[in-house]
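Here the sequence shown is numbered in my numbering, starting from 26 and rising by one per residue. We put the CB at the ideal spot given by N, CA and C, even for glycine. Note that the structure is predicted; figures quoted are calculated from it, not measured. Everything below concerns the one structure shown next.
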Amino acid sequence: MTAPGTTARYFLRGDVEAEPLVDRWYAWVHLVAPATAAFVVVERHLRMMESYVRSPAMHAAAAANPATRSGPFLDLGGARVAEVRALLEATRARARHRREFVAAFAELDELLEGMTGAALEPLYPSVPAALRGLVELEYDRHHRARCRLYERLLYTGALADPSEQCLRLVRSDLDGDRPFAFSTPRLPVADGGGEGAVELAVPFAAPELDALFRARTAPADPDALADALNLDAGSRPGFRALFTAEPPRAWQGGEGTPTGSGRVRVSYFGHACVLFEDGDVSILVDPVIAYDHASDVPRLSFADLPDRIDYVLITHAHHDHVLPEALLQIRHKVGTVVVPGSDGGGLMDPSLRLVVEHLGFPDVREVRELDVVRLPNGAITAVPFVGEHHDLAIRSKTTYHLRLGGRTVLVGADTANVNPAVYERVHDLVGDIDLLFLGMECEGAPASWVYGPYFARPLDRDHDQGRRGRASTSQEALGVVERFDGAEVYVYAMGEEPWLYPLLGIPYTTESFPLQEAERLVKSCQAQGRHAERLYGAKRWSWS
Numbered sequence: 026m027t028a029p030g031t032t033a034r035y036f037l038r039g040d041v042e043a044e045p046l047v048d049r050w051y052a053w054v055h056l057v058a059p060a061t062a063a064f065v066v067v068e069r070h071l072r073m074m075e076s077y078v079r080s081p082a083m084h085a086a087a088a089a090n091p092a093t094r095s096g097p098f099l100d101l102g103g104a105r106v107a108e109v110r111a112l113l114e115a116t117r118a119r120a121r122h123r124r125e126f127v128a129a130f131a132e133l134d135e136l137l138e139g140m141t142g143a144a145l146e147p148l149y150p151s152v153p154a155a156l157r158g159l160v161e162l163e164y165d166r167h168h169r170a171r172c173r174l175y176e177r178l179l180y181t182g183a184l185a186d187p188s189e190q191c192l193r194l195v196r197s198d199l200d201g202d203r204p205f206a207f208s209t210p211r212l213p214v215a216d217g218g219g220e221g222a223v224e225l226a227v228p229f230a231a232p233e234l235d236a237l238f239r240a241r242t243a244p245a246d247p248d249a250l251a252d253a254l255n256l257d258a259g260s261r262p263g264f265r266a267l268f269t270a271e272p273p274r275a276w277q278g279g280e281g282t283p284t285g286s287g288r289v290r291v292s293y294f295g296h297a298c299v300l301f302e303d304g305d306v307s308i309l310v311d312p313v314i315a316y317d318h319a320s321d322v323p324r325l326s327f328a329d330l331p332d333r334i335d336y337v338l339i340t341h342a343h344h345d346h347v348l349p350e351a352l353l354q355i356r357h358k359v360g361t362v363v364v365p366g367s368d369g370g371g372l373m374d375p376s377l378r379l380v381v382e383h384l385g386f387p388d389v390r391e392v393r394e395l396d397v398v399r400l401p402n403g404a405i406t407a408v409p410f411v412g413e414h415h416d417l418a419i420r421s422k423t424t425y426h427l428r429l430g431g432r433t434v435l436v437g438a439d440t441a442n443v444n445p446a447v448y449e450r451v452h453d454l455v456g457d458i459d460l461l462f463l464g465m466e467c468e469g470a471p472a473s474w475v476y477g478p479y480f481a482r483p484l485d486r487d488h489d490q491g492r493r494g495r496a497s498t499s500q501e502a503l504g505v506v507e508r509f510d511g512a513e514v515y516v517y518a519m520g521e522e523p524w525l526y527p528l529l530g531i532p533y534t535t536e537s538f539p540l541q542e543a544e545r546l547v548k549s550c551q552a553q554g555r556h557a558e559r560l561y562g563a564k565r566w567s568w569s
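In C-alpha cells:
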C-alpha cells in the first residue's frame, strides 16, 4: 500500500459500518449479558431460524412489510436457506450450555412456585446443576419465592464465551441498507455473507479496536492495524479498502467549542444522543451515532465528536439508548460511563455496569435515584425515570438533571409522566429547569417485544398490548414542562432519523399518533411563550 520506508497515513472511512456480533447475531445489551443471552438464543434465535427453514417465503413477505418488519422474521428474501440451516445446526451444538441454563430456570421456577413462606435453605441441594452456585434463593415481602443471580460469576463461565464475538466492517451508502438488526443473522462472509465485508475475530474488549476506531479522525497505517488485529492474507485487501487518504469531513455550520465559563454548546446527534460541552467538561448522553452516508437529513457523525468525552451517560438499557456498536467506536476517547443501577441479579434487568465493563470500558459508575456526580462547574444528578418499562421490575433506568454554566437541563429520555407526584417531589429538590429534552414515542411496543423470552409463561394478549413501553402523551409531557417551567422544550428520541430504522423499524407517517402528539406539545408550549421544537437529524447551538 505504501513505498518501503514510508509511513502510511490513512483514515477509516466515515461510511464504514461496524456491527458487533455475538454468534452471528447483532449485539445488544441482552445479547452481551450472559443470562439474558441464553434466553434470547434459545427462545428467539433458534425459533426464528427453525421457522425460516420451514417457511422462507412467509418470512420474506413479513420482512418486506413495514408493519411487520420488526417482528421475528429473517430478512433474507426467502433465499440462503441452506446457510441458515447450517447456522441453525451450528448454534444448536454451541448452545448446549445455554439450553441447559434456560431449562434449569424453568425447573427452578417449578421448585419455587409452591413455596409460600417455609425456609428456602433445604432447597439448595435441589437447585438444577446449571444454576448451582449461581443463584441465591429469597422471598419478597409477599412471601413469593424467587432467585437472584450472581451476575459477575456468569461472566466467568461458559455462558460468556468471547470467542463468539466478532466485528463486521462494511462500507454502505444508505442508512437503512441493512436488515432489521434483531431478526436477521449476519451470515459468514466466507459463505457469501456480504460483498465487501471484513470480519475481525476479536472480542469486544480487545484494546486493538481502540486503535482501529481512533483512525476515524487520526491518521493510521492500515497494514499495522491489520497486523495488530491478526487479519489473514485473504482479508487484508478488503480491510485496506475501508481506508482513505482524505481526512474526515469537518462540521459545517454551528458554533465553536465554548471556551469560557457560563457558555455551553449543545449538539443533537439524532434520536436521544445529545452532547453538552462547557469548556471544562464534555457529556454525551445515549450515544447512537450516524455514519457519513449520503442523505438529505442533516447529521453529526463520529467525526463531530470531541477528542475527549469526559462522561457518557446512559439512561436505560433499551437498544436505541445503549448501543454496543456506538460505544465500541468511542471507547478510546471516553473517561467515565455513568449507568443506572439494576435490580441486582434479576433475570430481566441485567447489570448495565457489567455489560459496559465487558465492552472494555475501565471506568463505569453506577448511580441510583438522586445520586450526584460532581463536575468542575456543575453536577449530574440521577432523577427517577417513570414508566416505559411495561410495569416490570426494571431498575436500570434513570433520567439526568445537569447543571452546567449556571443553567439546568433535564434529559428526560422516554419518561411517561403517569405519576406526576414524582415530579412534584423532584421539583422541590432541583427547582425550575432551563432546557427540557422529552421523548414522546407514546405508543411503544408491547411487553413481549423485548421481554417475552424471559416470561415463565406467555402473557395474555390483552395484557401484553395494554402494557406498552411508551413515553409521554402531549398532556403528560406538558405536565412535566409546566411543573419545571421549562423555557426551552425539545422533543427528541422519536426514532425518526433514517439511521434508526435498522434498530427500531418504525414506519412513521404524518398520521402517526406519536408525531401528532409531539406537534401538539410543541404548539402548546409555543402558545405559552416557550421555545419548543421537535428535533430531527442534527442541530448545534450555544446557550449562555
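| Check | Outcome |
| --- | --- |
| Out of curiosity, what's the CA-to-CA distance linking Y51 and G304? | 36 Å |
| Under the rule that 16 or more other beta-carbon atoms within 10 Å means buried, what is Y35, buried or exposed? | buried |
| Please state whether DSSP places C298 in a helix, a strand or coil. | coil |
| Consult DSSP for E44 and reduce its assignment to one of helix, strand or coil. | strand |
| Is the Cβ-Cβ distance between L194 and L267 less than 8 Å? | yes |
| Here's a check: name, in chain order, each residue in its chain whose Cβ is nearer than 6 Å to the Cβ of W524, leaving out the five neighbours to either side. | D200 and A315 |
| Considering only residues of the same chain and omitting the five flanking positions on each side of Q277, which have a CB-CB separation below 6 Å? | Because Q277 sits at a pLDDT of 49, beneath the cut-off of 50, its placement in the model cannot be relied upon, and the following sentence gives the value as read from the coordinates. Excluding sequence neighbours, Q277 sits near nothing in its chain. |
| Near A87, which residues of its chain fall below 7 Å by C-beta distance, leaving aside the five closest residues on each side in sequence? | T93, G96 and F98 |
| Give the DSSP-derived three-state secondary structure of E507 in the structure shown. | helix |
| Taking 8 Å as the threshold (C-beta atoms), are A438 and F410 in contact? | yes |
| Should A446 be counted as a contact of the ligand SAH given a C-beta to heavy atom distance under 7 Å? | The ligand SAH is absent from the structure shown, which contains no ligands of any kind. |
| Start and end of the alpha helix (DSSP H) containing G491? | R486 to G491 |
| When you compare only the Cα positions, how much space is there between A222 and L137? | 48 Å |
| From E108, A89 and V359, pick the residue whose C-alpha is nearest to that of D100; which is it? | A89 |
| Inspect the beta-carbon positions of T61 and P375 and report whether they are closer than 8 Å. | yes |
| Considering only their Cβ atoms, is the gap separating V57 from H383 smaller than 8 Å? | yes |
| If you draw a straight line from the alpha carbon of D457 to that of V451, how long is it in whole angstroms? | 10 Å |
| So within the region 384 to 409, which uninterrupted beta strand (DSSP E) runs reach at least 3 residues, ignoring any that extend past its ends? | 389 to 392, 397 to 400 and 403 to 408 |
| To the nearest angstrom, report how far apart L71 and A104 are at their CA atoms. | 18 Å |
| In chain order, what residues of the same chain lie with their CB nearer than 6 Å to the CB of Y476, ignoring the 5 residues before and after it? | M373 |
| Whose C-alpha, out of G370, I334, G369 and E350, is nearest the C-alpha of V363? | I334 |
| Compute the Euclidean distance between the alpha carbons of Y180 and L159, then round it to the nearest angstrom. | 11 Å |
| State the Cα-Cα distance for the pair G218 and E513, rounded to the nearest angstrom. | Reliability fails at G218, whose pLDDT of 39 lies under 50, so the model's placement of it is uncertain and no value is given. |
| Measuring alpha carbon to alpha carbon, tell me which of E507, P471 and P262 ends up nearest E449. | E507 |
| Taking the alpha-carbon of G360 as reference, which of C191, H168 and Y336 has the nearest alpha-carbon? | Y336 |
| Short of 8 Å in beta carbon distance, which residues of its chain neighbour V289, apart from the five on each side in sequence? Order them along the chain. | P283, F301, E302, D303, L429, G430, R432, S567, W568 and S569 |
| Got a sec? Which residues, its chain only, sit under 7 Å from A9 by beta carbon, not counting five neighbours each side? | Residue 9 lies beyond the range of the chain shown here (26 to 569); nothing can be said about it. |
| Since F126 is in the alpha helix (DSSP H), which residue starts that stretch and which ends it? | R121 to E138 |
| Let me confirm a value: N444 is counted as buried when at least 16 other C-beta atoms fall within 10 Å, else exposed. Which label applies? | exposed |
| In angstroms with no decimal places, state the Cα-to-Cα distance between A441 and K422. | 13 Å |
| Spell out the partners DSSP gives T424 in its beta bridges. | V408 |
| Rounded to the nearest angstrom, what separates F480 and L184 at their Cα positions? | 20 Å |
| Pick from N402, C191 and G182: whose alpha carbon is nearest that of E350? | C191 |
| Would you give the residue range spanned by the beta strand (DSSP E) that S307 belongs to? | S307 to V310 |
| Start and end of the alpha helix (DSSP H) containing T61? | P59 to V65 |
| Return the Cβ separation of L338 and V380 in integer angstroms, given the expectation that the two are a contact with Cβ distance under 8 Å. | Rounded, the Cβ-Cβ distance is 15 Å, inconsistent with contact. |
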